[in-house]
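**Q** Count the sequence shown with our numbering and you get residues 100 to 374, in order.
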Amino acid sequence: MTLRTQTVLDDIVEGVREDMSGDRGRRPMGELRSRVADMPGTLEFGEGIRKPSGSDTDRIRVIAEVKRASPSQGTISEEVDPAKVAGRYAEGGAAAVSVLTERRKFRGSIDDLRAVREAVSLPVLRKEFIFDPYQVFEAREAGADAVLLIAAILEKAALEDLRCQAEELGMDALVEIYAGEEVERVLGSGARIVGVNNRNLKTFEVDTRHTFKIRSQVIAEMNEDLTFVSESGIFGWEEVAPLVEASVDAILVGESLMRAPSPEALLRELRGLKD
């Protein structure tokens, strides 16, 4: 069971559920299990996005996203070659690549993830609306090193079960928080990589200061060290600098990189590097 949010997430989850049960439905689980068992090991996503200590240049890690469209912005890029986009991200110094695979609102596919996996040697995150263990196996079989789990749509037990499933398959789980009331559930589920969505999913307004609010709450409730990611609303160094000061480990950036004439140059800016 998934949680109702009274936001666009409800329609997206229902669409994913329909796709999984329709013509695009599931492959045999036994087939996925067999293929996953024979695959080489995954890359270290969590370690790859953790901010290096004692560095004066590469001060924050960037998870660069392949993103064709979104509910708030519509089509972002008409013609997208995921492999070429990911290659440019790698050239710009991205620490990892996120691939949106949801079909209806984001126009992505699991094939986009496969293409990215073939193109780069960076860790790859499947960004999807995951609520079923099948989706975790599907991500691993397609070459993902990590999956996104969205706290708003998952009960604590489901969060923990899906995270454990991902880890058993050698992947990490980036657990996304928006509302403050989700923090206790996320920390109680054992999450060690936490992301804050800076986009209000009811109004679509974006405010990177939301990261500071949630981060303060997380720190107040848990002394253990977490890897912390800020997601959405990041367009340049103006947004990144305060996040660096707040010791955020990584940022997840999609729209601005997809629209940039030179994603390589923007990545260098986001990382605090001068040309």
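The beta-carbon is built from N, C-alpha and C at its ideal position, and this holds for glycine as well.
First and last residue of the beta strand (DSSP E) that includes L224?
**A** On the sequence shown, position 125 is the one that residue 224 refers to. Where L224 is concerned, the enclosing beta strand (DSSP E) stretches over V223 to K226.
**Q** With C-beta atoms as the reference, is V295 less than 9 Å away from S346?
**A** Sequence index remark: in the sequence shown, residue 295 carries index 196 (1-based). Sequence index remark: in the sequence shown, residue 346 carries index 247 (1-based). For V295 and S346, no; Cβs fall outside 9 Å.
**Q** How is the alpha helix (DSSP H) around V198 delimited, first residue to last?
**A** As a first step, residue 198 must be located in the sequence shown, where it is residue number 99. Where V198 is concerned, there is no enclosing alpha helix (DSSP H), although the beta strand (DSSP E) it sits in stretches over A195 to L199.
**Q** Cutting at 7 Å between CB atoms, please list the residues of its own chain near G186, excluding the five before and the five after it.
**A** Here residue 186 corresponds to residue number 87 of the sequence shown, with the count starting at 1. Excluding positions up to five away in sequence, the list reads A218 and V219.
**Q** Where does L261 sit, in a helix, a strand or coil, going by DSSP?
**A** Taking the first residue of the sequence shown as 1, we reach residue 261 at position 162. L261 falls in the helix class under three-state DSSP.
**Q** What residues in its chain sit with their C-beta under 8 Å from that of P232, if we drop five residues either side in the sequence?
**A** As a position in the sequence shown, residue 232 is number 133, starting the count at 1. For P232, where only same-chain residues beyond five positions count, the Cβ hits under 8 Å are D260, L261 and Q264.
**Q** Among the candidates L212, G191, R206 and E117, whose CA atom is the shortest distance from the CA of A241?
**A** Along the sequence shown, one-based indexing puts residue 241 at 142. Residue L212 is the option with its Cα nearest to A241.
**Q** Could you tell me how far apart the beta carbons of K226 and S169 are, in whole angstroms, since I believe they sit closer than 8 Å?
**A** Start at 1 with the first residue of the sequence shown, and residue 226 comes out as number 127. Start at 1 with the first residue of the sequence shown, and residue 169 comes out as number 70. Not quite, the Cβ-Cβ distance comes to about 11 Å (not below 8 Å), so this is no contact.
**Q** Taking 8 Å as the cut-off, does the stretch 175-186 touch the stretch 119-138 (at least 3 CB pairs, one atom from each stretch)?
**A** With the cut-off at 8 Å, the stretch 119-138 and the stretch 175-186 do not touch.
**Q** In the DSSP assignment, find the beta strand (DSSP E) that holds A349 and state where it starts and stops.
**A** Translated into the one-based positions of the sequence shown, residue 349 becomes position 250. Start and end: A349 to V352.
**Q** Can you give the beta carbon distance from E283 to L131, rounded, assuming they're within the 8 Å contact cut?
**A** The residue given as residue 283 occupies position 184 in the sequence shown. The residue given as residue 131 occupies position 32 in the sequence shown. Their Cβ separation, rounded to whole angstroms, is 33 Å, which puts E283 and L131 out of contact at 8 Å.
**Q** Just to confirm my understanding: we take S355, look at its own chain, exclude 5 residues before and 5 after, and list those with CB closer than 8 Å. What are they?
**A** For the purposes of this step, residue 355 is taken as the residue at position 256 of the sequence shown. Correct list, in chain order: I333, F334, G335 and L365.
**Q** Where do the ends of the beta strand (DSSP E) carrying F327 lie?
**A** Locating residue 327 in the sequence shown gives position 228, counting from the first residue. T326 to E330 is the extent of the beta strand (DSSP E) around F327.
**Q** I think A194 touches T104, with their Cβ atoms under 8 Å apart; what is that distance to the nearest whole Å?
**A** For the purposes of this step, residue 194 is taken as residue 95 along the sequence shown, with counting starting at 1. For the purposes of this step, residue 104 is taken as residue 5 along the sequence shown, with counting starting at 1. In fact, because the Cβ distance is near 30 Å, the residues do not count as touching under 8 Å.
**Q** For P181, collect the residues of the same chain with a Cβ closer than 6 Å to its Cβ; drop the 5 residues on either side in sequence, then sort them by chain order.
**A** Against the sequence shown, residue 181 aligns to sequence position 82. Cβ within range, chain order: V165, D211, A214 and V215.
**Q** Round the Cβ separation of E254 and L102 to the nearest angstrom and send it over; I've been treating them as touching at under 8 Å.
**A** As a first step, residue 254 is located in the sequence shown; it is residue number 155 there, counting from the start. As a first step, residue 102 is located in the sequence shown; it is residue number 3 there, counting from the start. E254 to L102, Cβ: 6 Å. Contact.
**Q** Are the CB atoms of G383 and L199 nearer to each other than 9 Å?
**A** The structure shown does not extend to residue 383, since the chain is modelled only from 100 through 374, so no value can be given for it.
**Q** Any idea what DSSP makes of T310, helix, strand or coil?
**A** Counted from its first residue, the sequence shown places residue 310 at position 211. Reduced to three states, the DSSP call for T310 is helix.
**Q** If you drop the 5 nearest sequence neighbours on each side, which residues of the same chain put their C-beta closer than 7 Å to that of S315?
**A** Indexing the sequence shown from 1 puts residue 315 at position 216. Answer for S315: no residue qualifies.
**Q** With respect to the beta strand (DSSP E) encompassing G145, which residues constitute its N-terminal and C-terminal limits?
**A** Taking the sequence shown and counting its residues from 1, the one referred to as residue 145 is at position 46. Not the beta strand (DSSP E): G145 falls in the alpha helix (DSSP H), residues F144 to I148.
**Q** What's the C-alpha gap between T156 and A163?
**A** Locating residue 156 in the sequence shown gives position 57, where the first residue counts as 1. Locating residue 163 in the sequence shown gives position 64, where the first residue counts as 1. Model confidence at T156 stands at a pLDDT of 47, short of 50, so the residue's coordinates are unreliable; what they give is reported in the following sentence. About 18 Å.
**Q** Under 6 Å Cβ to Cβ from S171, same chain only, skipping five residues before and after it: list those, please.
**A** Here residue 171 refers to the residue found at position 72 when the sequence shown is read from its first residue. Here the set comprises F303.
**Q** Report the residue from T307, A272, A290 and Q234 whose alpha carbon sits nearest the alpha carbon of A245.
**A** Locating residue 245 in the sequence shown gives position 146, where the first residue counts as 1. When each option's Cα is compared against that of A245, the closest is A272.
**Q** If I'm right that L90 touches A243 with Cβ under 8 Å, what's the distance once you round it to whole angstroms?
**A** Limits of the chain in this structure are 100 at one end and 374 at the other, which puts residue 90 out of reach.
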